[in-house]
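Undergrad: Numbering (full-length UniProt numbering), first residue to last: 1 to 332.
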Amino acid sequence: MSGALTTEQLLKAVDEVAAASLPCWGLEGADLSLINHSENWTYRVTPKGAARPVILRVHREGYHTINGIRSELAWMRALQAEGGVKTPQAIPGRNGEDIQSVSHPALSVARQCVLFEFIDGIEPPQDNLVEPFKQLGEVTARCHNHSETWKRPPYFERLAWDFEHSFGPNANWGSWRDGPDCSPDRAKLLQRAVDLMERRLARFGQAPNRYGLIHADFRLANLLLHNGDVRVIDFDDCGLGWFLYDAGTAVSFFEDRADVPELMEAWKEGYRRARVLPKEDEDELWTFILMRRMTLFAWMGSHSETLLARTEGPGYSTGTCELAERYLSQYS
Numbered sequence: 001m002s003g004a005l006t007t008e009q010l011l012k013a014v015d016e017v018a019a020a021s022l023p024c025w026g027l028e029g030a031d032l033s034l035i036n037h038s039e040n041w042t043y044r045v046t047p048k049g050a051a052r053p054v055i056l057r058v059h060r061e062g063y064h065t066i067n068g069i070r071s072e073l074a075w076m077r078a079l080q081a082e083g084g085v086k087t088p089q090a091i092p093g094r095n096g097e098d099i100q101s102v103s104h105p106a107l108s109v110a111r112q113c114v115l116f117e118f119i120d121g122i123e124p125p126q127d128n129l130v131e132p133f134k135q136l137g138e139v140t141a142r143c144h145n146h147s148e149t150w151k152r153p154p155y156f157e158r159l160a161w162d163f164e165h166s167f168g169p170n171a172n173w174g175s176w177r178d179g180p181d182c183s184p185d186r187a188k189l190l191q192r193a194v195d196l197m198e199r200r201l202a203r204f205g206q207a208p209n210r211y212g213l214i215h216a217d218f219r220l221a222n223l224l225l226h227n228g229d230v231r232v233i234d235f236d237d238c239g240l241g242w243f244l245y246d247a248g249t250a251v252s253f254f255e256d257r258a259d260v261p262e263l264m265e266a267w268k269e270g271y272r273r274a275r276v277l278p279k280e281d282e283d284e285l286w287t288f289i290l291m292r293r294m295t296l297f298a299w300m301g302s303h304s305e306t307l308l309a310r311t312e313g314p315g316y317s318t319g320t321c322e323l324a325e326r327y328l329s330q331y332s
């Protein structure tokens, strides 16, 4: 059972799943190297003969159903074909299916594996973020425009990033109260902020021009720049939520930094190049920045074993509380 495995045993088992999946695409003997493990496992696959690499994703257990993954891949295809947004496309296996199920004796359930094409590009430079945030705002708006008009397939199924699924008893990423260093005093402060967000979001509502299918993880790390073109990767968290939640994700892990107001002005400028941003929506922006911060706070509590949580966790509670205090002061 995977729940009884140590971290090292789990990593070994998933590596073996990844290797065992390669024949599904005729990639026997390809070189396999782990790129990242935060939620899923992502590998770079280099076929024999120094052919162009591809990207393999081994899904974690219990986060998405097969129809949920199919829905993600369908939107990525439609965005590229209809919305003018370049995304990495899934590569069907020898059996014609995008998703390959691979079992392992040490794991309680089969893991779902997807192979993606490799797309060129580099992450936006960090030395001057104003221009990258304009680009990010514009490509986000293009995604939202497509989301409003896309006819979802009959099997469509994705997570929701509404208030209930972000802060309720069965929140997608667990309870924010389990976040790092969340003392009783800090919990009281954060609860006040959560209560205020709940009231404001209820008033804000879920009209179709405000709420729909979103990327839900629009960090700069998920953008690639190539010859002036902006490409978008990692749709694993895409789901139903407020469009402005994507703005909050743009400043993930540094929501409390001093230059965030300037960066969000750049984001808004870029967004308005492709989509209307009403003043009343703009005025709610910090609700979604804090909402994202709080969901990440919960994620760190439920994923404390990951490198990202270990790296970002120290001090994250302090910054979250400072952001909550500013939010309460501004909106109460």
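Don't be surprised by glycine CBs; every beta carbon is placed ideally from N, CA and C.
(1) Per DSSP, what kind of secondary structure is Ala-160 in: helix, strand or coil?
(2) Run through the DSSP bridge pairs and tell me what Trp-242 is partnered with.
(3) Quick one: what does DSSP say Thr-46 is sitting in, helix, strand or coil?
(4) For Arg-57, tell me which candidate among Ala-187, Ile-69, Asn-40, Gly-49 has the shortest Cα-Cα distance.
(5) Which residue marks the beginning of the beta strand (DSSP E) containing Cys-113, and which one marks its end?
(6) Just the C-alpha distance for Glu-284 and Asp-31, rounded to the nearest angstrom, thanks.
(7) Kindly indicate which three-state DSSP category Ile-35 falls into: helix, strand or coil?
(8) Quick one: using the 10 Å Cβ neighbour count with 16 as the cut-off for buried, is Ser-252 buried or exposed?
(9) Do you know offhand how far residue 339's Cα is from Val-276's?
(10) Taking its Cβ as the centre, do 16 or more other Cβ atoms sit within 10 Å of residue 338, making it buried, or is it exposed?
(11) Quick one: is Lys-48 buried, meaning 16 or more other Cβ sit within 10 Å of its Cβ, or exposed?
(12) Consult DSSP for Trp-41 and reduce its assignment to one of helix, strand or coil.
(13) Nearest CA to the CA of Val-102: which residue from Asn-95, Ala-110, Gly-96?
(14) Secondary structure at Val-17, three-state DSSP: helix, strand or coil?
(15) Out of Ser-183, Ser-21, Gly-121, point me to the one whose CA is closest to Asp-98's CA.
(16) Using the three-state DSSP reduction, which class does Ala-106 fall into: helix, strand or coil?
(17) Report yes if the CB atom of Leu-107 is closer than 8 Å to the CB atom of Cys-321, and no otherwise.
(18) If distances are taken between C-alpha atoms only, which option among Asn-227, Tyr-245, Glu-157, Pro-105 comes closest to Cys-143?
(19) For Phe-204, which of Lys-279, Gly-26, Arg-257 has the nearest alpha-carbon?
(20) For Met-1 and Gly-62, I'd like the C-alpha separation in whole angstroms.
(21) Reducing DSSP to helix, strand and coil, say where Gln-9 ends up.
TA: Per the coordinate set shown:
(1) Along the sequence shown, one-based indexing puts residue 160 at 160. Of the three classes helix, strand and coil, the one that applies to Ala-160 here is strand, per DSSP.
(2) Here residue 242 corresponds to residue number 242 of the sequence shown, with the count starting at 1. BP columns for Trp-242 point to Tyr-211.
(3) Taking the sequence shown and counting its residues from 1, the one referred to as residue 46 is at position 46. Thr-46: strand per DSSP, three-state reduction.
(4) What you label residue 57 is simply residue 57 of the sequence shown in a count that begins at 1. Minimum Cα distance to Arg-57 is reached at Asn-40.
(5) Mapped onto the sequence shown, residue 113 falls at position 113. Run containing Cys-113: 111-117, per the beta strand (DSSP E) assignment.
(6) Residue mapping note: residue 284 aligns to position 284 of the sequence shown, counting from 1. Residue mapping note: residue 31 aligns to position 31 of the sequence shown, counting from 1. So the two alpha carbons sit approximately 48 Å from each other.
(7) For the purposes of this step, residue 35 is taken as residue 35 along the sequence shown, with counting starting at 1. The answer is strand: DSSP assigns Ile-35 an E or B state.
(8) Working through the sequence shown from its first residue, we reach residue 252 at position 252. By the 10 Å Cβ count, Ser-252 comes out buried.
(9) Because the chain in this structure spans residues 1 to 332, residue 339 falls outside the shown range and cannot be described.
(10) Given that the chain is displayed from residue 1 to residue 332, the structure contains no residue 338 and the question cannot be resolved.
(11) Taking the sequence shown and counting its residues from 1, the one referred to as residue 48 is at position 48. Exposed, because fewer than 16 other Cβ atoms sit within 10 Å of the Cβ of Lys-48.
(12) The residue you call residue 41 lines up with position 41 of the sequence shown. Strand, per DSSP.
(13) Translated into positions along the sequence shown, residue 102 becomes position 102. The shortest C-alpha separation from Val-102 is found at Ala-110.
(14) Along the sequence shown, one-based indexing puts residue 17 at 17. Helix at Val-17.
(15) Your numbering for residue 98 matches position 98 in the sequence shown. If we check each option's Cα against that of Asp-98, Ser-21 comes out closest.
(16) Counting from one through the sequence shown, the residue named residue 106 turns up at place 106. If DSSP states are grouped into helix, strand and coil, Ala-106 belongs with coil.
(17) As a position in the sequence shown, residue 107 is number 107, starting the count at 1. As a position in the sequence shown, residue 321 is number 321, starting the count at 1. No, the pair does not count as a contact, with Cβ atoms beyond the cut-off.
(18) What you label residue 143 is simply residue 143 of the sequence shown in a count that begins at 1. Comparing Cα positions, the closest option is Tyr-245.
(19) Within the sequence shown, the letter at position 204 stands for residue 204. The shortest Cα separation from Phe-204 among Lys-279, Gly-26, Arg-257 belongs to Lys-279.
(20) For the purposes of this step, residue 1 is taken as the residue at position 1 of the sequence shown. For the purposes of this step, residue 62 is taken as the residue at position 62 of the sequence shown. Summary for Met-1: the model assigns pLDDT 43, below 50, so the residue's position carries little reliability; its value from the coordinates is reported in the next sentence. Going from the Cα of Met-1 to the Cα of Gly-62 covers about 14 Å.
(21) In the sequence shown, counting from the first residue as 1, residue 9 sits at position 9. Helix at Gln-9.
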